[in-house]
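Written out below as structure tokens is the structure these notes cover.
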Amino acid sequence: MKIVPLLAALPLALAASACATTGDSAAAPTASAKLAAGDGAARGTATVTQAADGLHVLVKAVGVTPGIHAVHIHTTGQCVGPDFTSAGGHWNPTAHKHGKDNPAGPHMGDMPNMTVGPDGTGAIEYIVPAGTISEGATPLLDADGAAIVIHAQADDYQTDPTGNAGGRAACGVLSAK
Ligand SMILES: [Cu+2]
36 MKIVPLLAAL PLALAASACA TTGDSAAAPT ASAKLAAGDG AARGTATVTQ
86 AADGLHVLVK AVGVTPGIHA VHIHTTGQCV GPDFTSAGGH WNPTAHKHGK
136 DNPAGPHMGD MPNMTVGPDG TGAIEYIVPA GTISEGATPL LDADGAAIVI
186 HAQADDYQTD PTGNAGGRAA CGVLSAK
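Position in the sequence shown (first residue = 1) + 35 = my numbering.
Have a look at this one:
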């Protein structure tokens, strides 16, 4: 009868260790942003999570004009409307040219275009294949921070420095959480 409590305790110990593992991954450095249009209306959210293979970026848009829109990480964490030029150019700590189709590209802040449906929602998921949230040679949240920008038009993936993506339809300042 003495062995029964030991066996009963074993699954609890395993469960506790599983929880610890989950806790560790949940503690990965993360940044997030709330996106807004030039008039302050909500335009969705962005999260950036640091992992072994780079920065995992998830952008979820709402209320955006249907169509194809460029989405970038911009170099300055300031979103002053209505034009959001305060966010600066694309995040580019490695001094490359713009675009994955540019032989001298891309910027680290370059990401795939987002397709927004008739309901005004769209999303992209992308892994920036390097970078960290706040440490190392190319921290996302350096002294002046960073921002996520949704543009009015699509990125052509090669025109330096902007991708011909038009104006800035929404912006969100990334902050560590
Ligand atoms: Cu941009």
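Even glycine gets a Cβ: it sits at the ideal position worked out from N, Cα and C. No experiment lies behind these values; they were computed from the predicted model shown.
Anticipated Cβ contact below 8 Å, residue i with residue j, distance rounded
{"i": "HIS109", "j": "ASP195", "result": "Incorrect: roughly 15 Å between the Cβ atoms, too far for contact."}
{"i": "ALA81", "j": "GLY157", "result": "Actually they are not in contact, since the Cβ atoms of ALA81 and GLY157 sit about 12 Å apart, beyond 8 Å."}
{"i": "VAL106", "j": "MET146", "result": "5 Å"}
{"i": "ILE185", "j": "HIS104", "result": "5 Å"}
{"i": "ALA211", "j": "ALA66", "result": "5 Å"}
{"i": "GLY202", "j": "ASP118", "result": "7 Å"}
C-beta contact flag for residue i and residue j at 9 Å
{"i": "VAL94", "j": "ILE168", "result": "no"}
{"i": "ILE159", "j": "HIS91", "result": "no"}
{"i": "GLY112", "j": "ALA204", "result": "no"}
{"i": "GLY102", "j": "THR150", "result": "yes"}
{"i": "GLY207", "j": "ALA76", "result": "no"}
{"i": "GLY89", "j": "PRO174", "result": "no"}
{"i": "ALA72", "j": "GLY98", "result": "yes"}
Bridge partners - residue i, DSSP secondary structure assignment
{"i": "ILE168", "result": "Answer is none; ILE168 lacks a bridge partner."}
{"i": "GLY75", "result": "Paired residue(s): none; GLY75 is not in a bridge."}
{"i": "THR80", "result": "LYS69, LYS95"}
{"i": "LEU90", "result": "GLN85, VAL163"}
If we require 3 or more residues per run, which beta strand (DSSP E) segments fall completely within the region 102-184?
Secondary structure in the region 102-184: the beta strand (DSSP E) runs of 3 residues or longer, each lying completely within the stretch, are 102-104, 106-109, 149-151, 157-163 in chain order.
When a residue counts only if its C-beta is closer than 5 Å to some heavy atom of ligand 1, which residues count, in chain order?
Listed along the chain, these residues meet the criterion: HIS107, VAL184.
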